[in-house]
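What follows is one structure encoded as structure tokens, with my remarks underneath.
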RNA sequence: GCCGGCGUGGCGGAACAGGCAGACGCAACGGAUUUAAAAUCCGUUUCUGGGUAACCAGAGUGUGGGUUCGAUUCCCACCGCCGGCACCA
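Numbering (my numbering), first residue to last: 8 to 973.
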């Protein structure tokens with residue numbers, strides 16, 4: 008041997024770790040702190056691993072290996088999120104059972120992941136499709152099914168916090184005295200319930216999808232069209248936990264971006280519900296009096312429209328109302344002469360997909376119902392319309408429209424010529440802008456204000472901010488002059504007093520649609536009796552195994568394929584099994600809990616182990632799971648928390664999202680039909696085709712990929728080297744099969760080894776950044792590994808032995824300092840997960856030592872230990888060559904004498920007027936006066952100070968000198 | 001439109017707490033070694049101007065302003081890119 012030969016070293020150590028179970032984790036190790044480091048487990052797709060997977064996995068692996076060497080008991084497991092659509096789609100296409108393809112894919116993934124040398128405890132591997140696993144997924148479902156949410160329950164949690172609101176056993180649900188069907192009442196309050204709801208049915212996939220899985224009216228997976236239709240489906244009452252899902256984010260160590268995404272998804276808004284009575288007869292006054300006595304009822308009367316608004320302070324500006332076309336009151340209130348138009352409009356919106364309905368660019372549509380409602384603050388009758396810009400699924404499905412102060416209402420009012428009334432005085436800046444004048448030019452705003460007040464908001468724009476109320480008073484109520492916050496409080500109070508409204512909170516979050524019409528998922532552990540009532544099975548009945556089916560194809564109709572397993576479906580003479588299955592998210596909602604006790608056949612996990620290992624201290628994965636997986640998982644965890652099954656309110660304490668790895672940077676130029684080049688500023692993509700916009704009509708251009716040496720930088724952009732007037736696109740794209748820029752980790756490992764791949768992925772840049780791949784970059788770190796090898800090993804020898812320059816001698820002071828500095832820097836960098844700079848430090852170390860004729864063995868050993876989390880195979884091999892037996896995985900992490908970090912002499916920059924003019928070398932502990940004197944005496948500085956007055960001297964010992972002169 | 005993040009050499013990036021901008025790597029160029037090449041080793045490499053030269057002068061962290069003795073770092077405005085949400089009342 009031997010030059011550095013990764014292909015020889017790596018399998019050797021992987022086998023060693025496997026055979027010695029080097030990374031098997033023990034529970035409850037006394038005298039050691041614990042850490043639970045988790046990767047988002049992969050969906051084992053048929054395509055195999057891509058380079059994005061090892062990025063996060065390498066980061067956690069480095070962290071874990073480092074922590075083990077620091078004496079920490081580390082839990083670091085891996086498993087498979089293996090239920091789900093792609094396996095089933097593939098199975099349908101090839102007529103293979105999904106179990107077979109899934110097993111095959113798992114085997115490929117395991118092989119690929121093992122080839123990267125990660126330190127997982129493989130004894131804890133989990134597979135969501137294993138009945139020994141999904142048995143407990145079903146068990147958790149039953150916990151949820153047997154829970155109701157009591158928002159007023161006061162309790163103290165296991166961490167000693169006073170809490171309000173708790174998921175409680177369904178048996179504890181109080182049944183109201185006037186309830187004639189206690190079972191139905193219980194079923195209606197469970198956290199898992201069935202409901203006939205309009206769902207996102209995707210005919211191509213043969214299943215319904217959660218709102219979260221539908222993007223722009225198409226399925227997130229595959230981009231198939233989705234239609235709305237009513238179906239009886241399982242729902243999970245995640246909305247009960249909306250407030251806690253927001254509040255508990257505060258204590259988590261997550262990026263602000265992800266926290267914001269979660270907050271926005273839950274979408275909390277504070278406002279008020281207000282009741283408007285439909286004007287039908289002269290009974291309005293009676294109703295008002297009655298309401299003053301009864302106060303605000305839970306549900307409105309049959310002829311009352313309840314709205315939700317975040318701006319009750321603008322109630323005086325409500326000049327019309329809008330109901331969602333699906334609103335149940337529409338039929339009742341529509342007058343005969345408007346019935347036809349209303350019916351027609353409702354039919355046309357029902358046909359529209361969500362995509363069409365939410366297309367923002369389009370002009371607003373709607374029709375008048377002929378009905379009027381009474382504005383409760385001033386008794387004015389206002390027309391009631393229906394329009395599809397009001398959504399049935401949010402709030403009450405009805406709004407009061409305040410066109411002067413809401414963009415949507417404004418656009419609608421303009422379109423249908425409805426009155427606009429200003430009830431807020433806009434800011435001066437807004438008024439000036441409206442009048443076309445610049446602020447600060449001394450224009451008197453008083454006339455503008457007066458005009459706005461009188462014209463009652465009939466300007467070209469609505470004013471949608473907070474400010475002070477105007478035109479808002481009656482004989483017994485006035486908001487005029489009140490600032491928005493005050494006005495809201497005041498009107499809400501008045502409404503409550505009158506029994507007309509109350510303060511409420513609305514969430515964008517909807518209940519989670521939890522059933523799928525597919526084969527490859529967890530069966531529900533419930534049966535349905537002849538009265539269509541659901542009964543949860545007993546834990547002893549679990550698992551409910553998936554029945555064997557010859558034909559698991561979806562029918563294209565909403566009847567699930569499990570219906571074909573006739574024997575399985577028949578539970579008893581009077582009960583049948585549920586034939587829907589759970590969505591893919593189910594298994595990933597709790598896998599982090601199963602890892603702590605993966606082989607337990609008695610329970611999902613041992614509570615003592617849960618107390619020991621939870622929470623997950625570090626969770627790394629892609630940002631694509633920022634909302635769905637993390638929200639669902641947190642929700643399940645909270646239900647389990649309320650049941651005392653877990654002892655932390657949150658599952659994942661620290662979350663890091665690795666950035667995406669893009670393909671290699673590409674230079675793209677465009678050519679017209681006649682072969683002439685078209686500069687990028689003239690090219691725009693229309694329907695996915697790049698066209699030259701200068702010609703009319705625009706003509707398509709041809710895409711030409713250029714080589715790096717065909718382009719050069721000019722100004723801010725790249726241009727063709729032969730024709731610098733032609734700009735070229737220079738950017739890295741997302742890796743995709745169609746683009747042909749996918750990097751296969753197997754290929755990289757075969758050529759450069761796993762250590763080089765690991766090191767490169769960490770060296771590319773910060774973990775969280777999006778960054779382009781570069782094969783040259785891989786070569787760079789590969790060369791570094793080769794240099795590290797040659798620093799220790801005599802590479803021209805026939806046998807493996809130390810380079811003769813590696814000697815058992817004391818390091819020189821300089822060498823000792825470099826070792827100390829490297830240990831200090833690498834330790835800090837790993838702790839802060841700045842792996843790229845840690846690697847730079849290791850490179851500097853090697854660059855320095857390869858130039859030295861004597862390399863103290865102790866320094867080499869320290870280096871090998873520092874390198875080992877990053878390039879474990881190489882490090883183990885070098886450790887052995889340095890004369891150590893066994894693995895270095897638990898060798899103590901190198902320490903250093905802090906005194907070695909301090910230099911006796913330092914270079915101090917000397918500036919004049921903030922500009923660097925010289926550097927002086929002074930003792931590190933020199934005081935201000937001596938430093939100033941030394942700076943003044945410097946041969947470069949002295950002449951520059953000649954004849955000048957020093958106005959100020961900034962002297963920071965050990966850091967800098969700055970003379971301000973005149 | 002709203003929310004979040006980011007703009008530093010030819011490229012990926014570094015500068016942790018306002019104090020020497022460009023660490024480390026890639027690419028490029030020059031040299032050594034070699035019959036030659038690969039590999040390896042040494043050196044140069046922000047830009048502009050000047051000098052045979054070690055060097056000198058000026059500019060420079062998206063743009064414009066501000067705070068400060070001093071700003072890549074803090075503040076304001078703008079431009080661009082990326083990610084998320086989007087008629088949520």
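Yeah, the Cβ is synthetic: ideal placement off N, Cα and C, and Gly gets one too.
Predicted model, so just to flag it, every value in this text is computed and none were measured.
Please return the same chain residues whose Cβ sits closer than 6 Å to the Cβ of residue 135, not counting the five positions on each side in sequence.
For residue 135, where only same-chain residues beyond five positions count, the Cβ hits under 6 Å are 88, 89, 90, 594.
Which residue wins for smallest C-alpha separation from residue 121, given the options 86, 151, 98, 153?
Out of 86, 151, 98, 153, 86 has the C-alpha closest to the C-alpha of residue 121.
My parser needs the alpha helix (DSSP H) runs of 4 or more residues fully inside the stretch 80–138; what are they?
DSSP runs (the alpha helix (DSSP H)) wholly in the stretch 80–138: 92–101, 105–121.
Does DSSP classify residue 59 as helix, strand or coil?
Helix, per DSSP.
In chain order, what are the residue ranges of uninterrupted beta strand (DSSP E) at least 3 long that sit wholly in the stretch 867–949?
For the stretch 867–949, whole beta strand (DSSP E) runs of length 3 or above, ordered along the chain, are 912–919, 922–930.
If you check the beta carbons only, do residue 474 and residue 441 fall under 8 Å apart?
Not in contact: residue 474 and residue 441 (Cβ atoms no closer than 8 Å).
Return the chain-ordered list of same chain residues with a C-beta closer than 8 Å to the C-beta of residue 28, the five sequence neighbours on each side being excluded.
These residues qualify, in order along the chain: 130.
Since residue 133 and residue 602 are thought to touch, with beta carbons under 8 Å apart, how far apart are those beta carbons, to the nearest angstrom?
Going by Cβ atoms, the distance from residue 133 to residue 602 rounds to 6 Å, so yes, they are a contact pair.
Is residue 512 near residue 161, with beta carbons less than 8 Å apart?
Not a contact, by the Cβ cut-off of 8 Å.
Do you know offhand how far residue 420's Cα is from residue 469's?
Spanning the two alpha carbons is a distance of roughly 11 Å.
Grab me the residues of residue 24's own chain with a C-beta within less than 8 Å of its C-beta, minus the 5 sequence neighbours each way, in chain order.
30, 124, 126, 894, 896, listed in sequence order.
Looking at the unbroken alpha helix (DSSP H) that takes in residue 401, where does it start and where does it end?
Careful: residue 401 lies outside any alpha helix (DSSP H) and carries neither H nor E.
Thinking C-alpha only, which one of 867, 211, 50, 183 is nearest residue 901?
Minimum Cα distance to residue 901 is reached at 867.
On the three-pair Cβ rule with 8 Å, is the stretch 607–614 touching the stretch 556–564?
They do not touch, by the three-pair rule.
Buried or exposed for residue 244, please, with buried defined as at least 16 other CB atoms from any protein chain shown within 10 angstroms of its CB.
By the neighbour-count rule (16 or more Cβ atoms within 10 Å), residue 244 is buried.
Please determine, among 956, 453, 821, 874, the residue with the shortest C-alpha to C-alpha distance to residue 855.
It is 821 whose Cα lies nearest to the Cα of residue 855.
Just list the residues that DSSP pairs residue 24 with in beta bridges.
Its beta-bridge partners do not exist; DSSP assigns none.
According to the Cβ coordinates, are residue 323 and residue 434 closer than 8 Å?
Cβ atoms of residue 323 and residue 434: not closer than 8 Å.
Determine which residues share a DSSP beta bridge with residue 392 and list them.
Its beta-bridge partners are 329, 375.
So what's residue 193 in DSSP terms, helix, strand or just coil?
Residue 193 falls in the helix class under three-state DSSP.
Closer than 7 Å by C-beta to residue 624: which residues in its own chain qualify, once you throw out the five before and the five after it? Chain order, please.
Cβ neighbours of residue 624 beyond the five flanking positions: 42, 43, 44, 660, 661.
Given a cut-off of 8 Å on the beta-carbon distance, is the pair residue 147 and residue 880 in contact?
No, the pair does not count as a contact, with Cβ atoms beyond the cut-off.
Considering only C-alpha positions, which residue in the set 552, 769, 968 is nearest to residue 929?
Selected option, being the one with the closest Cα: 968.
So is residue 71 buried or exposed if we call it buried at 16+ other beta carbons inside 10 Å?
It counts as buried.
Kindly indicate the opening and closing residues of the alpha helix (DSSP H) around residue 301.
Looking at the DSSP string, the run of the alpha helix (DSSP H) that includes residue 301 is 291–301.
Check this for me: beta carbons of residue 739 and residue 792, under 8 Å apart or not?
Their beta carbons are not under 8 Å apart, which means residue 739 does not touch residue 792 by this criterion.
Measure the CB-CB distance between residue 949 and residue 955 and report whether it falls below 8 Å.
No, these two residues do not count as a Cβ contact at 8 Å.
If contacts are defined as beta-carbon pairs under 8 Å, then residue 181 and residue 112 qualify, I think. What distance do you get, rounded to the angstrom?
About 49 Å; that fails the 8 Å criterion.
Taking buried to mean at least 16 other C-beta atoms within 10 Å of its own C-beta, is residue 313 buried or exposed?
Buried.
Using a Cβ-Cβ cut-off of 8 Å (strictly less than) and excluding sequence neighbours within five positions of residue 256, which residues of its own chain qualify?
The residues are 266, 269, 270.
State the DSSP-derived secondary structure class of residue 255, mapped to helix, strand or coil.
Here residue 255 sits in helix by DSSP.
Please confirm if the stretch 795–813 is in contact with the stretch 758–767, defined as three or more CB-CB distances below 8 Å between the two stretches.
Too few Cβ pairs lie closer than 8 Å, so no.
Which residue from 796, 812, 862 puts its Cα closest to that of residue 826?
Out of 796, 812, 862, 862 has the C-alpha closest to the C-alpha of residue 826.
Among residues of its own chain, excluding the 5 on either side of residue 958, which ones have a beta-carbon nearer than 7 Å to its beta-carbon?
Taken in chain order, the residues that qualify are 971, 972, 973.
Within 10 angstroms of its Cβ, does residue 251 collect 16 or more other Cβ (buried), or is it exposed?
Counting Cβ neighbours within 10 Å, residue 251 comes out buried, since at least 16 surround it.
Measure the CB-CB distance between residue 674 and residue 725 and report whether it falls below 8 Å.
Cβ distance < 8 Å, so residue 674 and residue 725 count as in contact.
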